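Take a look at the structure below.
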Amino acid sequence: MSKVKSIILVQVFVMLFFSVRLWAATPCEEASQRVSETVQLDSIIHRKLQKELLQQALALCPDHPLAHYHFGAVLAQEKNYTEALYHYQQALTHRPNYSPAWVGIGNVYSKQGQRPLGFEAYLNVCTRNRRARQRVTELLRGNRYRIVDGDVVLSNKSLSLLYDRKRLQNLYQMANRCYRHDKSIASHSMALKAILQPVAIFRQIDYEVGKEDLTLISEAQLEEIALALINIDARRVIIRGHSARQPFKGKTLTESKPLIWQLSRNRAKSVAAALAVRGFNRSRISYYGYGASRPLVRGNNKAAWVKNRRVEVEVSAQ
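Plus 26 on top of the position in the sequence shown (first one is 1) and you've got the working numbering.
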């Protein structure tokens, strides 16, 4: 080989070598390498190392969508839901159609008991993600996305979604698209129409046993309802009280019916009064008692009674 050829080959080698080094040294490429290393690690055994690698990745490339997504997933496993949501949302800021991030957001809201917000997140990718479709199907069944029970308090943010007609219209449109993609998500297309109703159903608003004082959960929930109604400047609110088909002690069901109706009316009336105390205009509230005439589920047992004993708060268009 001639001397000239040797020099040329050396120069080409040097150029290739340094171009590869320069390519590998790009901060976002190094961040991608950290993310790849994170994915290979066991999320239980090596969670601390995963966090360190992802923090390094975000320091190198703050807008890296996969680094944000995986960091959100690690934080969600630690039940640090506020930070997890932030990183999932950052992932979507830089990659809006990244379905795992939408599912991650839906999962976090579901774990927090904020079903309406979880429902919205899942619907965003319902046509593209099987897990999202499964969750949408579950939340549509019996309109679970708008029912709150146990010791959960539905937040002002969740309520604002349920009471915003424009956002409900958007949910309905997304659900319709998903239904056309996979008809198993609902019994029929008309079942999706319920999404357009601006109503939330509360099973946890109740009184302390043997007292006239609301439970702490009830107090907290009423604060959130009042705040949401004030924020959206609701013009008319309808409160519907429903009781269980449970006989009063020492009385038959027939003898209990007037008492059951009165109980449901009193519950609705007390919610109206509580919202007024919390600053919402009392003149905009109507309340009704329905007794046990409109059950959500059929059955004459404790499980059915618990599900049918509820208060519905609806924002009327009129």
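For each residue, glycine too, the CB sits at the ideal point set by N, CA and C. Fair warning: this is a prediction, and the values are worked out from it, not measured in the lab.
(message) Measuring straight from C-alpha to C-alpha, what distance separates residue 346 and residue 307?
(response) Any question about residue 346 goes unanswered here, given that the chain covers just 27 to 344.
(message) Is it the case that the segment 286-305 contacts the segment 250-270, given that we only count it when at least three CB pairs across the two stretches are under 8 Å?
(response) yes
(request) Can you tell me which of the three DSSP states residue 104 falls into? (result) coil
(request) Return the chain-ordered list of same chain residues with a C-beta closer than 6 Å to the C-beta of residue 193, the five sequence neighbours on each side being excluded. (result) 187
(request) Return the first residue and the last residue of the beta strand (DSSP E) that residue 226 is part of. (result) 225-228
(request) From the DSSP output, in three-state form, read off residue 148 for me. (result) helix
(message) So, at 6 Å on beta carbons, what are the nonlocal neighbours of residue 301 in its own chain, with the 5 sequence-adjacent residues on each side left out?
(response) 252
(message) For the pair the segment 163-172 and the segment 115-122, tell me if three or more CB-CB distances fall below 8 Å.
(response) no
(request) Taking 8 Å as the threshold, find out whether the segment 210-228 comes into contact with the segment 269-277 through three or more Cβ pairs. (result) no
(request) Check whether the Cβ atoms of residue 84 and residue 76 sit closer than 7 Å, and answer yes or no. (result) no
(message) Suppose contacts are defined by Cβ-Cβ distances below 7 Å. Is residue 297 in contact with residue 337 by that definition?
(response) yes
(request) Grab the span of the alpha helix (DSSP H) containing residue 282 for me, first residue to last. (result) 279-303
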